[in-house]
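Here the structure comes first, spelled out in structure tokens, and everything after it is commentary.
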Amino acid sequence: ALDSRSVVTFWDSRENFAAIFRFYCGCEEPFDLVLTQDFMVVINDNVSANRLDLCFWKLWLHPDFEAPHQSADSLDLTRSEARHQREASVRLRQRPAGAHFSPQGGLPFPAATGLMASLDLAAAAQLSGDTLQRFLHKELRPNCRPIKTLSIPDIDTYFASYRNFLNMCSFHKSGQESLSVYRSSSLQKKAFFPPAKHTKFEEWLALQVHNDGTVVVHDFRPQQMAFDELLGSRC
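Numbered as in this note's numbering, the sequence shown ends at 235 without a single skipped number.
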């Protein structure tokens, strides 16, 4: 869940929905949250720039993150820091991880805890936004890290997450809809379907109706098998 204070909370459905991690994600105007098996997207409603700003995060909660070529001692320290941060973030009346790096220097929570708790809140309020973001990302590193940012300068956008793809359908000022398809594993754009009068999609297929009434069906399955070929193979 993403609340109005830009705090993301995770619960474990296998443990009676016990809270396992809470952290401040640095979003100025929280709008929406998308979670997939490969990443998490925090969506910021950038009203002043008339766009949506997307920040993609990599999470490692179960099991703890293990960096390649990390020594045994370093790995034990990383696991300990990650576990401590998660446990501290969900204790009663404790601040979420990273909360003291908000632009105001303090969300409405009790005193800061965590790896950077020694930072004075008044001093934090004087830091620039970029500096606060760097401190925030450094503190959250044991459990999560941002991996990509993206801006969408359209009127409105909605998202659908599937096993292999993240689909983003955007409404334009012209009243038309376009569709961008990203691979979930790499966040690389696989396909873009230009604005049309109507755009509908599922995991592997997209249908567009153009202004002249033309209907186009796009098939972007891995085998890229056409419908007539599929029907022929079943006969």
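Glycine included, every Cβ here is placed at the ideal spot set by N, Cα and C.
Give the C-beta separation of residue i and residue j to the nearest angstrom, bearing in mind that I take them to be a contact with Cβ-Cβ under 8 Å.
i    : j    : result
F21  : N143 : 6 Å
F192 : W204 : About 16 Å separates the two Cβ atoms, so there is no contact after all.
F201 : N167 : 6 Å
K189 : Y182 : 5 Å
D38  : S184 : 4 Å
Please state the DSSP three-state secondary structure of residue i.
i    : result
F23  : strand
Q94  : coil
D3   : coil
K200 : strand
E177 : strand
S118 : Reliability of the predicted coordinates at S118 is poor, the pLDDT of 45 falling under 50, and the value obtained from them is presented with this limitation in mind. Looking at S118 - three-state DSSP - the assignment turns out to be coil, as it is neither helix nor strand.
Q37  : coil
F101 : helix
D212 : coil
S13  : helix
F192 : strand
H172 : coil
R183 : strand
F135 : helix
What is the rounded straight-line gap between the Cα of residue i and the Cα of residue j?
i    : j    : result
A18  : L92  : 13 Å
G175 : Q85  : 46 Å
V209 : S13  : 41 Å
Y24  : H198 : 37 Å
G213 : L187 : 33 Å
L150 : V216 : 28 Å
H137 : A82  : 13 Å
Q133 : G98  : 10 Å
L2   : A49  : 22 Å
A72  : S161 : 36 Å
H100 : S180 : 36 Å
D53  : L140 : 20 Å
M40  : T9   : 12 Å
C169 : D130 : 30 Å
P30  : E87  : 24 Å
Are the beta-carbon atoms belonging to residue i and residue j less than 8 Å from one another?
i    : j    : result
I147 : W57  : yes
S102 : P96  : no
V42  : L33  : yes
D156 : F171 : yes
P153 : R51  : yes
S4   : G26  : no
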